[in-house]
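Student: According to the numbering used here, the sequence shown is numbered sequentially starting from 5. Cβ coordinates follow ideal geometry from the N, Cα and C atoms, glycine included. A quick note: this is a predicted structure, and the numbers were derived from the prediction, not measured.
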Amino acid sequence: MTCFSRFPERPGVSVHVEVHRATQVRGVEGLNLTWPVADFQITTVPDIPTTQITRLSCGVNLQGEQVCRCDAGWYGPECNQLCNCTGPGIASCNEGPRGNGTCNCKDGYTGEQCDQCKQYYYNLENGCAIYCHPDDYCSGHGVCTTHPVTHQISGCRCETEWAGSDCSQCAPGWYPARVCNVYCYANTTCSSKGLCSDSGACLCEASRVGARCESCAQDYYPPGECSRRCSRSNCIQGRCNQEGFCDCRVNWFGPTCSVSCPRCSQ
């Protein structure tokens, strides 16, 4: 059993506690003492002016040890500092002679005044009461969203690369499946001259090569257009120029340099 007096320890003042089968409590003149436990008798010496009384309560327990406490809501060595915890998520104040007045929050709350939701807790009509971790609900690729009317978890807001109700699918233009870390859009990534493969790489038209299908494949001309094919086999007696036509040798003519005209050069 721990017993408390209503005044702090001061020089020249002592408190003596004896446990008896008695119900009488003799208090200090001018003071209204309240003792929560019966079956004991209190003896106090000299009177303490009311102006010296703080919200600190000290007493001696049955082992002869002095024990002190503060009134509810107060803290500090002299119990003269009032806890200032007013947020909606307050669980308690770190009060008492050894307390520092910090606010202890309920589950789901954080902040000096316990007025913010912890990460992954949502501020609904009944407080930060619903927990939604994106790894569980949004496949680790988004954040939970709430319905504006019911305030219940309604879905996920996915990262750019991801889509689906639980952010488990690639968004359009993202590859490969279940990884979704490569962007490919045929009209831009592949210069409108190819398609995106399952890995996100460009599959170019036959006339094009390059990561973005930006260059002409071998035997395709002119540069940039790649619209005309010309190979050595096309120019039997000549070679392809940069426009994709045959430049024939002397005395040879025709689209493929296949017409001989020995006297044409004369």
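Tell me whether D170 sits in a helix, a strand or coil according to DSSP, three-state version.
Tutor: For the purposes of this step, residue 170 is identified with residue 166 of the sequence shown, where counting begins at 1. Here D170 sits in coil by DSSP.
Student: Sort out for me which residues DSSP pairs L86 with in a bridge.
Tutor: Residue 86 sits at position 82 when you count from the first residue of the sequence shown. For L86, which the question treats as bridged, DSSP gives the partners W78.
Student: Hey, how far is the Cα of A181 from the Cα of E163?
Tutor: For the purposes of this step, residue 181 is taken as the residue at position 177 of the sequence shown. For the purposes of this step, residue 163 is taken as the residue at position 159 of the sequence shown. Answer to the nearest angstrom: the Cα atoms are 15 Å apart.
Student: In terms of alpha-carbon separation, which member of V153, K197, C194 and S203 lies closest to C174?
Tutor: Taking the first residue of the sequence shown as 1, we reach residue 174 at position 170. Here the closest residue by C-alpha is S203.
Student: Note down, in chain order, each residue of its chain lying with its Cβ closer than 7 Å to the Cβ of S143, except the 5 sequence neighbours on either side.
Tutor: Working through the sequence shown from its first residue, we reach residue 143 at position 139. Excluding positions up to five away in sequence, the list reads D170, C171 and S172.
Student: Bridge partners of D251, per DSSP?
Tutor: As a working mapping, residue 251 is identified with position 247 in the sequence shown. DSSP lists R243 as partners of D251.
Student: Looking at the secondary structure, which residues open and close the alpha helix (DSSP H) in which Y135 lies?
Tutor: Residue 135 sits at position 131 when you count from the first residue of the sequence shown. No alpha helix (DSSP H) holds Y135; the beta strand (DSSP E) holding it covers G131 to Y135.
Student: C206 to P266, Cα distance in whole Å?
Tutor: Taking the sequence shown and counting its residues from 1, the one referred to as residue 206 is at position 202. Taking the sequence shown and counting its residues from 1, the one referred to as residue 266 is at position 262. Each residue's alpha carbon lies about 49 Å from the other.
Student: With a Cβ-Cβ cutoff of 8 Å, do E209 and C217 count as a contact?
Tutor: In the sequence shown, residue 209 corresponds to position 205, counting from 1. In the sequence shown, residue 217 corresponds to position 213, counting from 1. Contact flag set, yes.
Student: Would you call the CB atoms of Y79 and C87 closer than 8 Å?
Tutor: What you label residue 79 is simply residue 75 of the sequence shown in a count that begins at 1. What you label residue 87 is simply residue 83 of the sequence shown in a count that begins at 1. Result yes, Cβ atoms of Y79 and C87 sit closer than 8 Å.
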